[in-house]
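Worksheet for the structure shown next.
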Amino acid sequence: MGTRGPRLLAVLLALVAAAAAPSAASRDEREVVEVSGAPDGVVWVAQLSDLHFSVHHPERAYDFRRYVGPALSMVNPDLVLITGDLTDGKSKDLLTMKQNEVEWVEYESTINGIIRISKLPSRIFFDLRGNHDSFGVSASADDYDFYQKYSINAKLRRQGRVQSITLENSGRKHLFVGFDSTMEIGLRGPTNLFGHPTDKQLIELDQALSQWDADFDKVPVTKIAFGHFPLSFSALTESGKSIKDVLLKQSLAAYLCGHLHARFGKNLKRYYHRAVQEPSLSEHYYQFNMHQGYATQSNKENCSEEAAHVEEFWEWEMGDWRKSRCMRILAIDDGHVSYTDIDFRLGSKSIIILPTFPLDSRFMQRASASRDFKCHIKGASTFDTVRTLVFSKQEIISVSVKIYDSRPGTLEVVLDSEMKRVDSNDTRGHMYLVPWNWRAFEDPSPSRYWLQIEVMDITGDTSISQLRPFSVNGLTARVNWTWKEFFVIGIQWASIYHPALWCAIFLIFSLLLAPQVSAVVFKDQFTYKSLYTNGNQRPLLKSLVGGFVWLFVELARVILVWFLLLVYTIYLVFLPWLFGHPITEDGNLTYMTHRGWILKRPNSGNKVVHAGIPDLCRALVKAYAMNPLLHSPVLFFFIPAVMGFSIYKTSAI
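Residue numbers (mature numbering (1 follows the signal peptide of the UniProt record, and there is no 0)): -25 to -1, 1 to 628.
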């Protein structure tokens, strides 16, 4: 007994240690990379998104190898972020969606080639899954999960749906956190269009973003999150929580995403700011302009420590590689975050210019910038120079900056100065700067002054950066979306679906009840004869309104038609809309209601879930291997049949 006691105690201690190990490991798994060969306090990363490598479009992978490898070799970024839709997973007619291993093999081969050409280590690449990469991937059917076989994340054994890495340079930390919010059960399109984060994932995301908060007073931290889905295409969790709330709480510099593609517009950017007052109900469903919810700061800024934390972040969707051949370079310079987009449709680039200060007042300025300016939070020294990063294949001969004043109505040069390269041990990007009297550019207009950088290399090749407005006093220039841009990034589609559905159902019920009320109230007042006798003397509007009312009255008299429409409305609410194979063609047949596909949750017995956002379009028949006559006769044929029957019954009226 004397020896058993210590042995038993040792076993118990070992079990306790083993149980505690995962939590201890999670605290210590903070990957920190010391940046080398870069200017002090500066890091930069490359972002690519929506590659859509396809067996039907080999030119996408070909152009990727042709342009991206040499560009990454020239830029030499600290990280390369690929934010989803690595492969296309679609048939040639775009109607059948499933994983194609040939596309994944091509993706693996292309990325390996890029790594060889650029001479970058594979560990700096992060490739997230997009909705196209999860088409037909069941949680239990690993045979189709080619992402786990061919992606860089899988090969580097990055486990879980949230990964983070910290870049450290000159005492500053730059935290990058990527998260995969694709569906746990990978439906095939078109009902697999939204990101579906879980409560567990949001907890992990919050923990990853706050991993350096205890050290924030000692070491400044800039936080960047990246994922595939924009927030307008991200659903709430099962408990009603949103990614936006987590990102606001953490006050990110920016959230980088893809998914929407450049065809919807170039201004797919959105600024989020937690207002002091409670947001209106409408703000949960839509935002009319890029900066809604942000009020211009007053002249009397609160510089107390209590007012230091501002809940805000930028959402920057980038163009796609699929058709736009776009790559983004993002830099963080002493906490200031800026980016430039490169369009390879015009060919390769020998010079890339990325101004890092002052920031573009339209797309990069945050509400806290006004406070930083008035309270000198980051120190006046950060304002003392105009700074830019320059990447070039050839030796740089000259770099100059021009600042234009737009107040006269035309752009008038008010500063034209040569910039000097920072003398440092940087062996990658080159930082150029020039001192300036920044106080001379204080102005109540955030778009009065415009900045442009011009670079010439030893071959005489010249490159000019895009004109961008700036505001040294931290004001934001407003930009209005086009209707197309508002449609895809200004509306919270996942949140608006069910309210819109129930409004439509209520409207249908109202239109069905209105004829019965009309028949009782108006009786024989609204007959065709009474409406259109002397019709030439009636105003057009009265004729239209009268005809509309007559239509409803006549509908109420055809009781069978009215009853069939009522039954159809009830059917939409309570019964399945269609049957199909939402995951694989040879998978189980299941059905979809207004709440989504009814599927069994993996490893949970008979528990079912409502998966996906319902969609009704011509692609359904082929996408889900369904026969309309057998699998959805009511949805496809009921209304045409009722219309035909109504025409027949009312033809003699």
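Where is the CB? At the ideal position from N, CA and C, for every residue including glycine.
Under the three-state DSSP convention, the category residue i falls into
i: residue 596; result: helix
i: residue 148; result: strand
i: residue 397; result: coil
i: residue 175; result: helix
i: residue 293; result: coil
i: residue 160; result: coil
i: residue 470; result: helix
i: residue 182; result: helix
i: residue 265; result: coil
i: residue 219; result: helix
i: residue 19; result: strand
i: residue 447; result: coil
i: residue 619; result: helix
i: residue 42; result: helix
i: residue 611; result: helix
i: residue 71; result: coil
i: residue 559; result: coil
i: residue 139; result: strand
i: residue -18; result: Its pLDDT being 45, under 50, residue -18 is placed unreliably in this model, and the coordinates cannot settle the point.
i: residue 226; result: coil
Sequence-distant residues of the same chain with beta carbon closer than 6 Å to residue i, five excluded per side
i: residue 197; result: 149, 228, 307 and 310
i: residue 613; result: 543
i: residue 463; result: 235 and 239
i: residue 249; result: 223 and 286
i: residue 105; result: 59, 60 and 203
i: residue 583; result: 573 and 575
i: residue 291; result: 229, 231 and 244
i: residue 100; result: 55 and 127
i: residue 341; result: 287
i: residue 186; result: 5
i: residue 129; result: 123
i: residue 18; result: 10, 53, 142, 144, 149 and 307
Same chain, Cβ closer than 7 Å to residue i, five either side skipped, listed in chain order
i: residue 2; result: Note that residue 2 scores 40 on pLDDT, short of 50, meaning its location in the model is unreliable; the coordinates nonetheless yield the value given after this. For residue 2, where only same-chain residues beyond five positions count, there are no Cβ hits under 7 Å.
i: residue 590; result: 165 and 166
i: residue 259; result: 467 and 470
i: residue 596; result: 603
i: residue 334; result: 311, 313, 340 and 445
i: residue 70; result: 594, 597 and 598
Rounded Cβ spacing between residue i and residue j (contact assumed at less than 8 Å)
i: residue 226; j: residue 285; result: 6 Å
i: residue 633; j: residue 389; result: Because the chain here runs from -25 to 628, residue 633 falls outside it and cannot be looked at.
i: residue 336; j: residue 263; result: With 8 Å as the limit, residue 336 and residue 263 do not qualify as a contact, their Cβ atoms being about 20 Å apart.
i: residue 440; j: residue 330; result: 6 Å
CB of residue i within 8 Å of CB of residue j, strictly
i: residue 121; j: residue 76; result: yes
i: residue 52; j: residue 92; result: no
i: residue 433; j: residue 405; result: no
i: residue 460; j: residue 240; result: yes
i: residue 27; j: residue 62; result: yes
i: residue 22; j: residue 303; result: yes
i: residue 413; j: residue 380; result: no
i: residue 48; j: residue 94; result: yes
i: residue 136; j: residue 176; result: yes
i: residue 447; j: residue 416; result: yes
i: residue 208; j: residue 151; result: no
i: residue 82; j: residue 37; result: no
Length of the line joining the Cα atoms of residue i and residue j
i: residue 79; j: residue 60; result: 11 Å
i: residue 492; j: residue 213; result: 41 Å
i: residue 394; j: residue 373; result: 8 Å
i: residue 297; j: residue 10; result: 32 Å
i: residue 6; j: residue 15; result: 20 Å
i: residue 142; j: residue 598; result: 43 Å
i: residue 134; j: residue 174; result: 18 Å
i: residue 418; j: residue 343; result: 17 Å
i: residue 20; j: residue 293; result: 14 Å
i: residue 188; j: residue 139; result: 14 Å
i: residue 548; j: residue 478; result: 12 Å
i: residue 147; j: residue 13; result: 13 Å
i: residue 489; j: residue 532; result: 12 Å
i: residue 537; j: residue 530; result: 6 Å
i: residue 569; j: residue 84; result: 42 Å
i: residue 636; j: residue 320; result: Residue 636 cannot be examined here, being either before or after the span of the chain that is shown, -25 to 628.
Cβ-based neighbour list, residue i, same chain, cut-off 8 Å, excluding 5 preceding and 5 following
i: residue 113; result: 119, 160, 161, 558, 559, 562 and 577
i: residue -5; result: Bear in mind that the predicted position of residue -5 carries a pLDDT of just 40, short of 50, making it unreliable; the figure below should be weighed with that in mind. Correct list: empty, nothing qualifies.
i: residue 409; result: 360, 361, 376, 392, 393, 394 and 395
Heavy atom of the ligand ADP within 7 Å of residue i beta-carbon
i: residue 21; result: What this structure holds is no ligand at all, so the ligand ADP is not there to describe.
Interface flag, residue i vs chain B, CB-CB below 8 Å
i: residue 59; result: Going by chain labels, chain B is absent from the structure shown, which holds only one protein chain.
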